[in-house]
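Colleague:
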Amino acid sequence: MTRAAVLSCLAVGLHFASPAAADTLRVIADGDMKTPDPIVTTSWDTQVHAYLIYDKLFEMDETGSPRPSLADTVEASQDRRTFTITLRSGVKFSDGSPIAPDDVIQSLKRWSSRDVTGQLLAARLKSMTTIDARTIRIELNEPFDVPEALAGITGNPAFIMPKRVATNASTDPRAAYIAADDDGERRDVAYQLQKRASEYLPFILTGESYYPRVYRSDIEGFNPAAPRLYFWNITRKSK
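Sequence positions in the sequence shown follow mature numbering (1 follows the signal peptide of the UniProt record, and there is no 0) and run -22 to -1, 1 to 217.
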């Protein structure tokens, strides 16, 4: 067994309410993270990583009930066929770009094409539309508990990704992670992570704040354990 130990500072980081006990948390999981894309695999290693750089609209609380996470508020019609969801103000992706309703809609479309719970939602879906810069509306043909479905702990969690990632990955999962930006520079965190996975290099998360997730003092264990997380892939080289 050999370890590739090349460090890279990526534009993702941590936000703390108090200083961490250690500078670096090194993680070697039971398997290599082949891709950072949590929609094309149910790998636990990929999910753990995805929870650090993506967020869901809702998450389960300690009682198993959905509560807003990336979402700020949700309004449901009395017949449970219409849900109006407003995003938190000022949330951004790991590359610093703002999260918009179009990102949410495309992400949910992609998620619902693969996840079992998402497929149940898709079968009842009438429309998903943008209302304003922070709001989307989901209309259904029959009642369905949308917040619970989106908060669910499933094989493919309903993570919200940039629209360009969710769009490209609908037909070619790897394309979204290897495509260059408009100016030809490959600066997106997802691309950097995919490149490191293919080369068996460590995944390094460091900086000042996680996007779009934030420190939550009301959730025990939510705050990261160190200002730098070091995911170490291990590969076996044949002689």
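Beta carbons are placed, not taken as given, at the ideal position from N, Cα and C, and that holds for glycine. Quantities reported herein were computed from a predicted structural model and do not represent experimental measurements.
(1) Mind reading off the beta-carbon distance from residue 128 to residue 36? Whole number of angstroms is fine, and I expect it under 8 Å.
(2) Around the C-beta of residue 130, are 16 or more other C-beta atoms found within 10 angstroms, so that it is buried, or is it exposed?
(3) Nearest to residue 121 by alpha carbon, out of 87, 83, 58 and 25?
(4) Nearest to residue 105 by CA position, among 83, 136, 69 and 112, is which residue?
(5) Going by other Cβ atoms of all chains shown within 10 Å of its Cβ, with 16 needed for buried, is residue 22 buried or exposed?
(6) Please report the residue range of the alpha helix (DSSP H) in which residue 65 lies.
(7) Using only alpha-carbon positions, find the residue among 5, 6, 135 and 28 that is nearest to residue 86.
(8) For the beta strand (DSSP E) containing residue 90, name the first residue and the last one.
(9) Run the CB neighbour count on residue 164, radius 10 Å, all protein chains shown included, and call it buried at 16 or more, exposed below.
(10) Would residue 4 be called buried (16 or more neighbouring beta carbons within 10 Å of its own) or exposed?
(11) Is residue 164 helix, strand or coil by DSSP?
(12) Cα separation between residue 9 and residue 20?
(13) If you draw a straight line from the alpha carbon of residue 107 to that of residue 81, how long is it in whole angstroms?
(14) Would you decide whether residue 95 is buried or exposed? Buried here means 16 or more other CB atoms lie within 10 Å of its CB.
(15) Leaving aside the five residues before and after residue 25 along the sequence, list all residues of the same chain whose C-beta is less than 7 Å from its C-beta, in chain order.
(16) Using only CA atoms, which one of 56, 49 and 54 lies nearest to residue 68?
Modeller: Inspection of the coordinates gives the following:
(1) Numbered from its first residue, the sequence shown carries residue 128 at position 150. Numbered from its first residue, the sequence shown carries residue 36 at position 58. So it is a contact: roughly 5 Å between Cβ atoms.
(2) Taking the sequence shown and counting its residues from 1, the one referred to as residue 130 is at position 152. So residue 130 counts as buried.
(3) By one-based count along the sequence shown, residue 121 stands at place 143. Cα-wise, what sits closest to residue 121 is 58.
(4) Working through the sequence shown from its first residue, we reach residue 105 at position 127. Answer by Cα proximity: 83.
(5) In the sequence shown, counting from the first residue as 1, residue 22 sits at position 44. By the neighbour-count rule (16 or more Cβ atoms within 10 Å), residue 22 is not buried but exposed.
(6) For the purposes of this step, residue 65 is taken as the residue at position 87 of the sequence shown. It is not in any alpha helix (DSSP H) - residue 65 instead sits in the beta strand (DSSP E) that spans 60 to 65.
(7) What you label residue 86 is simply residue 108 of the sequence shown in a count that begins at 1. The candidate whose alpha carbon is nearest that of residue 86 is 135.
(8) On the sequence shown, position 112 is the one that residue 90 refers to. Where residue 90 is concerned, there is no enclosing beta strand (DSSP E), although the alpha helix (DSSP H) it sits in stretches over 79 to 90.
(9) To locate residue 164, count along the sequence shown from 1; it is residue 186. Because residue 164 carries a pLDDT of 48, less than 50, the predicted location of this residue cannot be relied on, and the following value inherits that uncertainty. Classification for residue 164: exposed.
(10) Translated into positions along the sequence shown, residue 4 becomes position 26. Residue 4 should be labelled exposed.
(11) Translated into the one-based positions of the sequence shown, residue 164 becomes position 186. A caution first: residue 164 carries a pLDDT of 48, below 50, which makes its placement in the model unreliable, though a value can still be read off. Note: residue 164 maps to coil in three-state DSSP.
(12) The residue labelled residue 9 in the question sits at position 31 within the sequence shown. The residue labelled residue 20 in the question sits at position 42 within the sequence shown. Looking at the two C-alpha atoms, the distance is approximately 13 Å.
(13) Taking the first residue of the sequence shown as 1, we reach residue 107 at position 129. Taking the first residue of the sequence shown as 1, we reach residue 81 at position 103. Approximately 12 Å, taken between the alpha carbons.
(14) Numbered from 1 along the sequence shown, position 117 holds the residue referred to as residue 95. Around the beta carbon of residue 95, 16 or more other beta carbons lie within 10 angstroms, which makes this residue buried.
(15) Numbered from its first residue, the sequence shown carries residue 25 at position 47. Hits under 7 Å: 16 and 135.
(16) Indexing the sequence shown from 1 puts residue 68 at position 90. Per the Cα distances, 49.
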